[in-house]
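Notes follow the structure.
Protein chains: 2
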Amino acid sequence: MIDFRTHPRHYRHWQLTFDGRIATLALDADEQGGINAGYELKLNSYDLGVDIELYDATQRLRFEHPEICCVIITSAKERVFCAGANIKMLGLADHSFKVNFCKFTNETRFAIEDASANSGQHYIAVINGSCTGGGYELALAAECILMADDGSTTISLPEVPLLGVLPGTGGLTRLVDKRKVRRDRADFFCTIEEGIRGKRALEWGLADELVPRSRLAEAAATRAGGYVRSSTRPSDAKGLELTSLERTMTGDRIDYSYVTAEIARDRSLATITVRGPEVNPFEAVPNPGVLNDSFWPLAFARELEDVILHLRFNEDAIGLWIFRTEGDPDLVEAYDHWMIERQDHWLVREITMYLKRVLKRLDVSARSLFALIEPGSCFTGILFELALASDRSYMLSGTRNGEELSSAMIRLTDMNFGPLPMSNGLTRLQSRFLGDPAHVEELRRHIGENLDTAAAAELGLAGFTPDDIDWDDEVRLAIESRAAFSPDALTGLEASLRFAGPETMETKIFARLSAWQNWIFQRPNAVGENGALKLYGTGKRPAFNPRRT
Amino acid sequence: MIDFRTHPRHYRHWQLTFDGRIATLALDADEQGGINAGYELKLNSYDLGVDIELYDATQRLRFEHPEICCVIITSAKERVFCAGANIKMLGLADHSFKVNFCKFTNETRFAIEDASANSGQHYIAVINGSCTGGGYELALAAECILMADDGSTTISLPEVPLLGVLPGTGGLTRLVDKRKVRRDRADFFCTIEEGIRGKRALEWGLADELVPRSRLAEAAATRAGGYVRSSTRPSDAKGLELTSLERTMTGDRIDYSYVTAEIARDRSLATITVRGPEVNPFEAVPNPGVLNDSFWPLAFARELEDVILHLRFNEDAIGLWIFRTEGDPDLVEAYDHWMIERQDHWLVREITMYLKRVLKRLDVSARSLFALIEPGSCFTGILFELALASDRSYMLSGTRNGEELSSAMIRLTDMNFGPLPMSNGLTRLQSRFLGDPAHVEELRRHIGENLDTAAAAELGLAGFTPDDIDWDDEVRLAIESRAAFSPDALTGLEASLRFAGPETMETKIFARLSAWQNWIFQRPNAVGENGALKLYGTGKRPAFNPRRT
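Line by line, the protein sequences are chains Z and Y. So for the first sequence, this note's numbering puts the first residue at 1; every next one is plus one. So for the second sequence, this note's numbering puts the first residue at 1001; every next one is plus one.
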């Protein structure tokens, strides 16, 4: 079972060091430290384990190190920066793992860009040796790429000529959309095994600065200094420690403090219940300076993220995730208010952006998402985003016969109108009402109202609204029919319907590049007996079926 | 061999009729008229042959019928509008054919939308019976959907529940992006076999008007009348007849009047040579009213389109298309000037938009595209778009030893700055210089200049610029290495690099939906022995591998 929880003291592959307001993340992959058996992490190549550490580091840098304004990503090895994803590992991995591995690495690259763009924590890549495939894609996620001008430093995206697959971590999109490299040059660059070095890399916009090896550290420090001077990060704040995430697994049930997931294998579904807070933050938390990671929004976000990643990687036959909530809507709303009122505080901002990123993980998860809005639930503000992120929601009309709980209500807060955008740059409400922006404005006037099922349906916020008599049958039928469909067709359907409206690098990478890569990962030319990915390293040449589509 | 040339008098599936300024295209599929053997076109289902006729009709309506302001698409059969793509046909088709079939049908749907949006020729879908899958996707391409309110008229996209694949002709994208149907409703609609009828279809935005069967014709006429009154199409112009396209096939060579394609099977490439005009239009063509289809821009566009479609469908192992031109740049430039000066004339506008559509076909062709710019060529204006559409261009520096032709030149015209946008809404120059819009403005100042290789390279217009000594080796190596790569990886690479910048419904459908569909078309859950597409109609239930990615 893959576990995403780690800590710098357990890192096997990254050295995280600090120098005043600058941190350095140096890759020094432990060849024997692969997360699975069967391959060695030579030449600073990476696997999921290496990327789990990288993600952990990016998270801790945001929360635990308010003082850090610049992160330098480099290599601790001689003459090699990073060889990208380990090919032997990819050759051994099954389709589902490969796709999820690419998805997770992509999410970390976007988290790096989120830090640079929104958190005043700027990433610089310092390429000090050969930089291949995913290695260069990691550099592309940085705001600025410095490159040693020496004999061993080249950059390349050799996936197409060498492996018969695509660069899988956004490299193609970032070349032409982020760095706006000319298309014909990008085509050339992506079709030569040997890569490009020095002046040409600079001239084509593949790097930002070319520096003699001896002056690399100095040049990086100069760049970093510039970011430090312009950064909005506080110099005197205390970081928030991310303590170890506790969870209990009992059979098919996972319990965290605010999140529980229960798997029903016979129905191919997991029910994820998020519990609301128990206290009012206005009473319990005098100011953001005393926050720790038991603060409800942060705590449930970490737990939700962990369960998403766990289910993605360890439970790939569970095709449907059902979201439920339990708790007091007033308290959820109070947390939203508390956060909105303090949104200029660095830590509140970090927590909000983290919630944004966790919710985005839902949008790109290849699972069907349903929300069940029932009596006793608290789909309010932040938690209502779970319903909005779902492919469908069911909201019970009225009360349940024989049950004392009052009928289900949803409630909007300011959190639904801006701080938690999707990958397409819109809020989930804007995406939902793409054809009627005025309606989103109209909804603002209902902020704070208790909306019962009829009102929610009238406002377009509830999907299906059966009453107690019909509920069980209608929900059961929806679940059963979902389980009967082709999982692949559902994945394509959901990815197509979830991202209406404007497109961004994120939607291009998750919904387009990923789709192409999925296709290619499945084709005999890559993974067949004589496919390029299969034969890599054997000395044999792949035999391609030349037919184009 | 599939032939895309047809004429209304050869139609087997469509009835094209005219009533004043309104045309009606009624589908009456000939069950025995499939383009391939092995299936019957029951229930107005379609195959490539049906869609070739539809495309031909849309083209002729634009050129031959300036008076037509509104086209009503409907069914000539009782109780069935259209059952979509024939499933048996899809089950029998190989991967490459399926993908290309979807691409061609998509291009026709976009041509319909182009007519509505830019040509004053508005399409109305009148759904008079069950309307399934591709049938509803065809309706979605219309500007307005009328639906009979009776027992037999339902609309559905049952691909996911029934076939384990996606609606392949843009249905998902048009649901949420064009009609802006709420995502959860779209999800529901796409997962029920039986479809939706009447009021719910209207309420959810799946149709624009619900009409009792008895008043359907009247309601269509009313809508059409509105379009007629607001249309910009001329009422008194004479149409241009599209005469039969002549071509000669000799071994691996195809000759048209201005286009020649030569296939070199040993190198997996086709060289497509476009010849410039022989006369000056300012002398030869007094005014647009006397044009016929031998007019050079129209003639070569038709020939280029035919060769693109021929190579896509009939030569799928030919992975590289090399573009060459021959002729007098002054005459090409004269045609561009002539067209730009008369761009308000309906027919000149039609020819320009047709050129736009043909060039777009190149952008979405799953083939590598190279342009060779050599002495004697005329990569000027319209024809320079061939080089800009290519993944790479090679421009010879200087002259060839022992050859009398003067050195290669390229020349920009106004045609490169607006009238021929790509699917992303940008010109090819804007896409090429995405990071430097000011440079595109700078290039305007070079319109009409003869740009030699050095100048073209300096301005970023030429890719690689070997001289006579290096040319043969450099070009040969590029061709050989291209032929050695995985065709699938190249397809994904090219699709990712060609569409930088903004996204539109077109880029979403061609570069995203298509990628998902490609993947799904390849998966055992669809096409394996127990896959849904394979088993459809046998009465057996598919057995799905439940694993998600």
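Note that beta-carbon positions come from the ideal geometry of N, C-alpha and C, so glycine has one too. Keep in mind it's a predicted model, so treat the numbers as computed, not measured.
| Item | Value |
| --- | --- |
| Range of the contiguous alpha helix (DSSP H) that encloses MET1001(Y) | No alpha helix (DSSP H) contains MET1001(Y), which DSSP labels as neither H nor E. |
| Nearest candidate by alpha-carbon position, reference LEU1362(Y), set ASP1468(Y), ALA1495(Y), ARG1021(Y) | ALA1495(Y) |
| Spatially closest choice to ARG1367(Y) from TYR1123(Y), GLY1133(Y), HIS1310(Y), ALA1237(Y), by CA coordinates | HIS1310(Y) |
| CB contact below 8 Å: THR1453(Y) versus chain Z | no |
| Whole-angstrom distance between LEU459(Z) and PHE370(Z), CA atom to CA atom | 19 Å |
| Segments of 3+ residues assigned as beta strand (DSSP E) that fall wholly inside the region 368-395 of chain Z | 368-373, 392-395 |
| Residue-level contact to chain Y via CB, PHE544(Z), 8 Å cutoff | yes |
| Contact set between LEU1513(Y) and chain Z, taken where Cβ atoms lie within less than 7 Å | SER496 |
| Residue span of the beta strand (DSSP E) that contains LEU1027(Y), given as start and end | 1022-1027 |
| Amino acids of chain Z, ordered along the chain, whose beta-carbon sits closer than 7 Å to that of THR1173(Y) | SER496 |
| Opposing strand residues paired with ALA264(Z) [DSSP bridges] | LEU269(Z) |
| Pairwise C-alpha distance: ASP30(Z) and ARG1109(Y) | 54 Å |
| Three CB pairs or more closer than 8 Å across the region 278-293 of chain Z and the region 221-234 of chain Z | no |
| In chain order, each alpha helix (DSSP H) run of at least 4 residues that lies wholly inside the region 1018-1089 of chain Y | 1048-1064 |
| Cβ-Cβ separation, ALA1219(Y) to GLU1209(Y) (assumed contact under 8 Å), whole Å | 6 Å |
| Nearest residue (CA-CA) to PRO1297(Y), options ASP1266(Y), ILE1351(Y), THR1248(Y) | ILE1351(Y) |
| For VAL1228(Y), the first and last residue of its enclosing beta strand (DSSP E) | Premise fails: VAL1228(Y) lies in the alpha helix (DSSP H), 1216-1230, not in any beta strand (DSSP E). |
| Range covered by the beta strand (DSSP E) that runs through CYS144(Z) | 144-148 |
| Rounded C-alpha distance that separates ILE192(Z) from GLY38(Z) | 28 Å |
| Backbone secondary structure at ASP1470(Y) - three-state DSSP | helix |
| Minimum Cβ-Cβ distance from ALA317(Z) to chain Y less than 8 Å | yes |
| Assumed close pair SER1130(Y), ARG1200(Y) - CB separation to whole angstroms, cut-off 8 Å | SER1130(Y) to ARG1200(Y), Cβ: 16 Å. No contact. |
| Cβ shell of ALA389(Z) (< 7 Å), same chain only, five flanking positions each side left out | LEU359, LEU362, ASP363, LEU369, ARG428 |
| 8 Å Cβ cutoff met for ILE127(Z) and SER156(Z) | no |
| Delimiting residues of the alpha helix (DSSP H) encompassing ARG1428(Y) | 1428-1432 |
| One or two residues paired with TRP14(Z) in a DSSP bridge | LEU27(Z) |
| Contact with chain Y by TRP296(Z), beta-carbon distance below 8 Å | no |
| Environment of THR1250(Y) [buried if 16+ CB atoms lie within 10 Å] | exposed |
| CA nearest to the CA of ARG54(Z), picked from GLU159(Z), ARG12(Z), ASN36(Z), ASP293(Z) | Note that residue 54(Z) is Leu in the sequence shown, not Arg. It is ARG12(Z) whose Cα lies nearest to the Cα of LEU54(Z). |
| CB contact check: GLU1194(Y) to chain Z, cutoff 8 Å | no |
| Residue-level contact to chain Z via CB, VAL1160(Y), 8 Å cutoff | yes |
| The beta strand (DSSP E) enclosing MET1249(Y), as first and last residue numbers | 1248-1250 |
| Residues of the region 1178-1194 of chain Y whose Cβ lies closer than 9 Å to any Cβ of chain Z, in chain order | ARG1179, LYS1180, VAL1181, ARG1182, ARG1183, ASP1184, ARG1185, ALA1186, ASP1187, PHE1188, CYS1190, THR1191, ILE1192 |
| Contact set for ALA1213(Y): own chain, Cβ-Cβ below 6 Å, skip 5 residues either direction | Reading off the sequence, residue 1213(Y) comes out as Arg, not Ala. Excluding positions up to five away in sequence, the list reads ALA1148, ASP1150. |
| Secondary structure of ILE1308(Y), DSSP reduced to three states | helix |
| Residues bridged to SER156(Z) [DSSP beta-bridge criterion] | THR132(Z) |
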